[in-house]
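Chains as they are written, first to last, in our numbering: chain V, 1 to 779; chain U, 780 to 1109.
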């Protein structure tokens, strides 16, 4: 809602309220201030003048020479506009004046005639957009006066947000009503008694549908289509409404002023009874924008002799529209059902100032007032005559009182609010109410659809009391410093991976079908009904592609890249175990390790990293689409599948134009428990010296080194051990594996003999169990 | 009585000391001046031949000399070592203005860090973390939150839908977790729910189809509006600092009443809105079957907004591009 201080002044006296206070008031009432600015004339020294004489220019056809009376003197001015006659009152820029953009006007020779300045158009003075010649003022502008002093040329402008529950505040009247309560000022009453001279020609009927509870109209005769008054043009243009003519402008003016949308028909294009009904399926209507609309039985329409002439509350019909030839009007002022208007306007994507007001709910009792306001705008013109109002309103049940215990107010707000404050606030808001002993009752005003329940009234009281005037208390919940498993698991992995120098990333959840299918050709992706663009038609079924994209992006942008991880949901269309009706979504950790010419084989690096951070982890080789045939493993914890790791297939590496091998892993975090992750297995320290053996074995290519290590661990299970592979060398068909065993007893220092016994025991056991041979020294 | 020229001995000692080049030489000097072949030792050998009186006097003199030599050598050696190291240190200079390694940051995404910080603030006053699905039913995202079909608020945000009957969608707000949690848990409830939300916006400087919110919900027997105020003021002070000024202005959310927006006063004097909140609407509690004796409050805060404010980040796009130059700054 766009507000001008001068327009608000019509409804509430703001003379002693400055802009800062007004801003505070608006904000405190819940109108978010989206814009505020001062309006100042974009011109200087412009005088009101009267054209007293016009004659041809001796040397030019396209311009005329005028004599303009500016009160104390008459000047000769050359003018290129032709939209005025002798006697016209016009804004004049005499020498040493400024028009818009600080453009200075001086005497100027125009083809041999000296012009003493210029006669200005509205756009030259930056008043509004109007290029059809100069601005013609009416008789009320005094000749010789400074134009900037003839109207509110200095003004203040606010654009405020009105929340969807407050349709009643989408007008000056509505905003002023709220302000009057906040500022403790009286809301002015503006009355327009009608003095109709005509009988209406047409019958109107609000129809059988409940969707139109009130349909009222007035007929106005002998109008001529011309410019609106200066004031209307000034106000409308400053709140961003396009200036059209005195009919359209005046309906727009009433809409913004009091919130009642009006529609003007050319009465002479109407013939029968004007009525309201739902459209028939497939019925057609050519709307104002010259489009043929095909309607359905949800749309509410206005009919003439049962033929559609307008889309109720949304857009008028082309055949009955007001044109420059229009002389007689029928002005519609109606109340249409909120939801019905919303459905039609959303469906046809026709959202207008009128439809927005209808869908949020306009005042049920303001239709006649709207017609009076409109008619009043023609008041000055003696030729114009109007009818009485034709009223076809349905009887609606009046609102009942709602009663509740006053103790509810304190129980919800946490503070006692004085009854006097409540009474005066509600009175000022015109909310009928009564407080008796321990109860309060109230009635919803015809414009307040948001006041249906006790809680609605309590909010109203709290708002006007001022949220910032309430005390603050701090309740403590019952889960002190316990974030829970979900967050603990997440934090655990973020900590582990960041310490390992993986960069955490956040990428969008959307992708293309083909990227999902690189890795999950057998999973049905979740398709978006209204994707942002073609590259975002699906939700991702894995984090792999996002990670590769990040890797590649940085490689190309920054000439270096690194290790990345992301923790987010992945989706597919299979059944959701936990919830009905929605697709499966798994909270997943994904990470990427590039080859990076590292000395350690990345696959081994990942496996040992996972052994470090996932207690009880084991791996089983399993081929998977998109991955290297052998370097691809499922990750198990306690025999439960929790993820997958592997090397990107050479084919995808080539297709994606990657310069090095990438290793990708995914772990399904919902399968893991923080308790299980956060185990620390302390092993006591032995106080006795260590003995150490470096053993080198000839082994088969497919032997798992860890099996050997586990066997040694078993053999020495009563000791403190450190058993590590220190060498793994494969050449042609042979493979040598070096193991370093460091062991200490918890009970004694080993002597030479025991030392040898242990060594022999280990070698014997390993060679026999794994069918391997010990390399003698120097071999 | 033999007369040893003490001054001469001491002078020759000084000369020897002045010629020392490595600390080990002091051992040889000790040997030469105090050892068994030294002049001093020679003189000591003469003592038994002297009278008792002279023996006493000369013996004392020799002892004094020995002590003097000893201390001279010791202090000179100490000084020599000190001088050597001082000279060594004096010759060493490091230009610490050179960065040999890149500033790599914490390796955590700034959104994760901010989310964690906010979670910690609320966990310190008794809130547990809850979560719910991102692909949701319209019922959980709208209807259950008192936003029935054709409610104007339902059309304010550009929702991304997942099926043509509009029954499933990507949640537009983390408030869905309120419903999910209350469906599965009895009151009292004290939870926060950080997570992703979605809108149909192209990624650019000020919009993103994906962003993060943190939802909070407290439901108990005696919670009221002043509790809501106190809780969120506690949060703004913990997050922005003890001196931050906070104000509450009325707003509208379908699922809370009264509803408010919380603004904080920024360094430049402007008020910036940082979160929306309100008392949970009775309809919401009814939708999840909570008994009437329970009520409470809820709030939602934008994580990107907090991060952008605190770190003066100007483009929301930064959060989702994963440019390593951005990631490493945090």
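We put the beta carbon where it would ideally sit given N, CA and C, even for glycine. All figures in this text were calculated on a predicted structure; none of them were measured in a lab.
Asked                                                                                                                          : Found
Residues near residue 764(V) in its chain [Cβ-Cβ closer than 8 Å; skip 5 each side]                                            : none
Residue range of the beta strand (DSSP E) that includes residue 720(V)                                                         : 720-731
Test item: CB-CB of residue 737(V) and residue 674(V) under 8 Å                                                                : no
Inter-residue Cα distance where the pair is residue 186(V) and residue 171(V)                                                  : 17 Å
Cβ of residue 462(V) within 8 Å of any chain U Cβ                                                                              : yes
Contained alpha helix (DSSP H) runs [length at least 4] in the segment 629-677 of chain V, N- to C-terminal order              : 650-655 and 674-677
Cβ-based contacts, 7 Å cut-off: residues of the segment 316-346 of chain V near chain U                                        : 339, 342, 343 and 346
Rounded C-alpha distance that separates residue 779(V) from residue 633(V)                                                     : Note that residue 779(V) has pLDDT 48, beneath the 50 cutoff, so the model's placement of it is unreliable and the number below is only indicative. Rounded to whole angstroms, residue 779(V) to residue 633(V) spans 35 Å at the Cα level.
Whole-angstrom C-beta distance between residue 528(V) and residue 538(V), which should lie under 8 Å                           : 7 Å
7 Å CB neighbourhood of residue 845(U) in its chain, flanking five on each side removed                                        : 813 and 819
Backbone CA spacing between residue 611(V) and residue 617(V) [nearest angstrom]                                               : 6 Å
Enclosing alpha helix (DSSP H) for residue 838(U) [first to last residue]                                                      : 831-870
Ranges of the beta strand (DSSP E) found wholly within the segment 98-166 of chain V, counting only runs of at least 3         : 103-105, 108-110, 113-115 and 155-161
Spatial neighbours of residue 471(V) in its chain, beta-carbon cut-off 8 Å, leaving aside the 5 residues before and after      : 414 and 415
For residue 1084(U), three-class secondary structure by DSSP                                                                   : helix
Boundaries of the beta strand (DSSP E) in which residue 55(V) is found, first to last residue                                  : 44-56
Reference residue 666(V), options 752(V), 191(V), 30(V) and 567(V), closest by Cα                                              : 567(V)
Inter-residue Cα distance where the pair is residue 169(V) and residue 929(U)                                                  : 20 Å
Same chain, Cβ closer than 6 Å to residue 561(V), neighbours up to 5 away in sequence not counted                              : 551, 554 and 555
Closer than 7 Å at the beta carbon, the chain C residues around residue 1003(U)                                                : As a matter of chain content, chain C is missing from the structure shown, whose protein chains are V and U.
For residue 213(V), the three-state DSSP class (helix, strand or coil)                                                         : strand
Beta carbon of residue 948(U) nearer than 8 Å to that of residue 925(U)                                                        : no
Backbone CA spacing between residue 328(V) and residue 304(V) [nearest angstrom]                                               : 16 Å
Under the three-state DSSP convention, the category residue 1033(U) falls into                                                 : coil
8 Å contact criterion, which residue 264(V) and residue 331(V) should meet: CB distance rounded                                : 6 Å
Counterpart residues of residue 198(V) in DSSP-defined beta bridges                                                            : 387(V)
Beta-carbon spacing of residue 971(U), residue 990(U) below 8 Å                                                                : no
Chain U contact for residue 779(V) (CB, 8 Å cutoff)                                                                            : With a pLDDT of only 48 at residue 779(V), under 50, the local geometry of the prediction cannot be trusted, and the value read off the model is given with reservation. Chain U contact via Cβ: absent.
Touching by the beta-carbon criterion (3+ pairs, under 8 Å), the segment 861-869 of chain U and the segment 441-454 of chain V : no
Residue interval of the beta strand (DSSP E) (run including residue 65(V))                                                     : 64-69
Minimum Cβ-Cβ distance from residue 1102(U) to chain V less than 8 Å                                                           : yes
Check whether residue 746(V) and residue 714(V) have beta carbons under 8 Å apart                                              : no
Nearest residue (CA-CA) to residue 333(V), options 254(V), 511(V), 754(V) and 649(V)                                           : 254(V)
Sequence-distant residues of the same chain with beta carbon closer than 6 Å to residue 203(V), five excluded per side         : 273
Where residue 797(U) falls, given that 16 or more other Cβ within 10 Å makes a residue buried                                  : exposed
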